[in-house]
Every structure is written in C-alpha cells, then in structure tokens.
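Structure first, commentary second.
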Amino acid sequence: AEKKAEEERIAAEKKAEEERIAAEKKVEEERIAAEKRWEEQRIAAQKAEADRIAAEEKAEKDRIAAEIAEAARVAAEKAEAARIAAEKKAEEERIVAEQAEARRIAAEKKAEEE
Numbered sequence: 001a002e003k004k005a006e007e008e009r010i011a012a013e014k015k016a017e018e019e020r021i022a023a024e025k026k027v028e029e030e031r032i033a034a035e036k037r038w039e040e041q042r043i044a045a046q047k048a049e050a051d052r053i054a055a056e057e058k059a060e061k062d063r064i065a066a067e068i069a070e071a072a073r074v075a076a077e078k079a080e081a082a083r084i085a086a087e088k089k090a091e092e093e094r095i096v097a098e099q100a101e102a103r104r105i106a107a108e109k110k111a112e113e114e
C-alpha cells in the first residue's frame, strides 16, 4: 500500500509539474502574442501619424497652389485690362492724329485759296 501510495504521489507530482510547465508555456505564449499585438498597434499608430502629417502637408501645398493660381488669374485679368486700355489709348491717339492731319490739310487749302 505504501508503494502504491508512493507511486500515486510521484505520479501526482509529475502531473502537477507537467501542468505547471504547460501553464507557464501558455502564459509565455500569451505574453509574446500581447507584445506582438502591441508592436503592431504601435507601428499602425506611427503609420497613421505619418499619413496624417503627409495629408496636412499635401493640403498646405494644395492651398498654396490655389493661392498662386488665383494670383495668376488676377494678374491675367489686370494684364488684359491694361491691354484693352492701351488699345483704346492708341485708337484715341490715332483719331487725334487724323483730326490734326485733317486740320493741317484744311489750313493748307485755305492758305492756297487766300
């Protein structure tokens, strides 16, 4: 009976040791998995932050490009207005010159008649 009790005690100790080792292994596997998940989440957060910064930079570049395009449009409108004004002034000067030429011719005719 003592021998059987000793064998049962040894078997129970062996089983308890196997269960302890299995539990430690499971805890270690869960710790490693948790660390892996944490690292993946950290990397995802870094990527999200990098994407956010890139999006902000692109938005700023787009805003600046829009401002430049608007300034170019305004400058083109001013240049067109200046061109129209120059054409109008040239036409007025041409008319004044034609009128002066007509007066000169009239004055010559009048001088010839006198």
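Numbering of the sequence shown is given in the UniProt record's numbering, commencing with residue 1 and proceeding in unit increments. Ideal placement from N, C-alpha and C gives every residue a C-beta, glycine not left out.
Within the model, the alpha-carbon separation for GLU91 versus ALA81 is close to 15 Å. Close CB contacts of GLU60 within its chain, under the 6 Å cut and outside five residues either way in sequence, are absent. Rounded to the nearest whole angstrom, the C-alpha separation of GLU67 and GLU56 is 16 Å. When only Cα atoms are considered, GLU40 and LYS47 end up about 10 Å apart. Here ALA23 carries a helix assignment [DSSP, helix/strand/coil]. At a cut-off of 3 residues, not a single continuous stretch assigned as beta strand (DSSP E) sits fully inside the region 53-82.
Excluding its 5 nearest sequence neighbours in each direction, LYS14 has no C-beta neighbour in its own chain below 8 Å.
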